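Q: Sharing a structure below in structure tokens format, with a few things to ask.
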Amino acid sequence: MASWVCGGGRPGQRGVSRHSAAGQFITGVGKAESLGARVFHAGTKQKNGALVTAGGRVLTVVGQADHLEGAIAQAYSGVEAIAFAGAQFRRDVGSRERG
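Numbering (my numbering), first residue to last: 38 to 136.
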């Protein structure tokens, strides 16, 4: 039986709302996935073959590991691999569970 936990981060844009800047090029999703993170799209779209922001919460990045610390570390490694103008993310994911 496999045993693992998940930790995640959500790269979004400053002033998260329906009116956040759209059309910003997103890089690093492939790198994040190569580090073992799972990347789920929310506020993204394709524009001329490139991945761009569509405003609001752009992506969710999840790490999986046998322990919470490992899952969180993997998720944040993935988050840090991704870049786009105005990107921001929380740095306290799992802080309550870690004590």
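Using N, Cα and C, we set each Cβ at its ideal position, and we do this for glycine too.
None of these values were measured; they are calculated from a predicted model.
Helix or strand or just coil, what does DSSP make of G100?
A: strand
Q: Of the residues E117, G60, R127 and A120, which one's Cα is nearest the Cα of A85?
A: First, the residue type needs correcting, since residue 85 is Asn and not Ala in the sequence shown. It is G60 whose Cα lies nearest to the Cα of N85.
Q: State the start and end residues of the unbroken alpha helix (DSSP H) segment that holds A112.
A: L105 to A118
Q: Give the DSSP bridge partners of F62, in chain order.
A: F62 is bridged by DSSP to V89.
Q: Let me confirm a value: G67 is counted as buried when at least 16 other C-beta atoms fall within 10 Å, else exposed. Which label applies?
A: exposed
Q: Decide if A91 is buried, meaning its Cβ has at least 16 other Cβ atoms within 10 Å, or exposed.
A: buried
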